[in-house]
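Enquirer: Throughout the sequence shown, residue numbering follows the numbering used here, covering 2 to 116 in sequence.
From the three backbone atoms N, C-alpha and C, an ideal C-beta is built for every residue, glycine too.
Before we start, here is the structure in question, set down as structure tokens.
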Amino acid sequence: MSECIFCNIINKELPSSVVFENDKVLGFKDIDPSAKVHLLFIHKNHSENVNDMVRTDATQVSDVYQAIEQYTAGNSLAADGFRVVTNIGKHGRQDVFHTHFHVLGGEKLTGNLGN
Ligand code: AMP
Ligand code: ZN
2 MSECIFCNII
12 NKELPSSVVF
22 ENDKVLGFKD
32 IDPSAKVHLL
42 FIHKNHSENV
52 NDMVRTDATQ
62 VSDVYQAIEQ
72 YTAGNSLAAD
82 GFRVVTNIGK
92 HGRQDVFHTH
102 FHVLGGEKLT
112 GNLGN
């Protein structure tokens with residue numbers, strides 16, 4: 002087992018509800034949803050946050066966004082709209098230090114940013 006829970010999810014050493022998977026990216030349901038639809042999209046290569054990801058290999062950001070596009074285009078999220086959020090560090094209230102992109106939707110979201 003890795004020290005990183007999301008690496009363990011990628012390696013299937015921890016369970017998750019997978020909604021999308023290809024060779025580079027995994028999409029799964031957030032365990033404590035903040036909206037009717039709350040998914041997390043992560044790259045299979047570990048990085049700590051999106052700044053770290055860009056410094057390591059910026060193409061990973063497009064890998065994740067391409068996965069989000071592929072997943073949402075196939076269902077009502079793209080038609081009705083959704084929000085993508087990535088939290089960084091203490092002020093960003095990041096709790097899991099494997100870069101992840103929250104995909105929130107399934108209803109009209111409250112608040113201006115985040116949820
Ligand atoms: P953040 O605060 O941006 O780091 O978000 C971490 C997110 O990961 C939170 O929304 C948690 O509910 C979610 N989370 C933590 N552990 C798991 C898990 N085992 N499976 C799915 N989601 C998780
Ligand atoms: Zn990791």
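Is DSSP giving L110 helix, strand or coil here?
Expert: coil
Enquirer: What are the boundary residues of the alpha helix (DSSP H) that E70 is part of?
Expert: Residues 60 to 74.
Enquirer: With 16 other CB atoms within 10 Å as the buried threshold, where does Q61 fall?
Expert: buried
Enquirer: Alpha carbon to alpha carbon, how far is S77 from H44? Give it in angstroms, no decimals.
Expert: 23 Å
Enquirer: Please check the pair K25 and L40, which I expect to be a contact at CB under 8 Å, by giving their CB distance rounded to whole angstroms.
Expert: Contact flag wrong, Cβ pair sits at about 16 Å.
Enquirer: Is G112 buried or exposed, if buried means 16 or more other CB atoms sit within 10 Å of its CB?
Expert: exposed
Enquirer: Do you know how far the Cα of N23 is from the Cα of C5?
Expert: 20 Å
Enquirer: Return the CA-CA distance between A80 and H103, expressed in angstroms with no decimal places.
Expert: Going by the C-alpha atoms only, they are around 18 Å apart.
Enquirer: Could you check the C-alpha separation between V86 and Y66 for me, to the nearest Å?
Expert: 12 Å
Enquirer: Short of 7 Å in beta carbon distance, which residues of its chain neighbour H47, apart from the five on each side in sequence? Order them along the chain.
Expert: Correct list, in chain order: C5, C8, H99.
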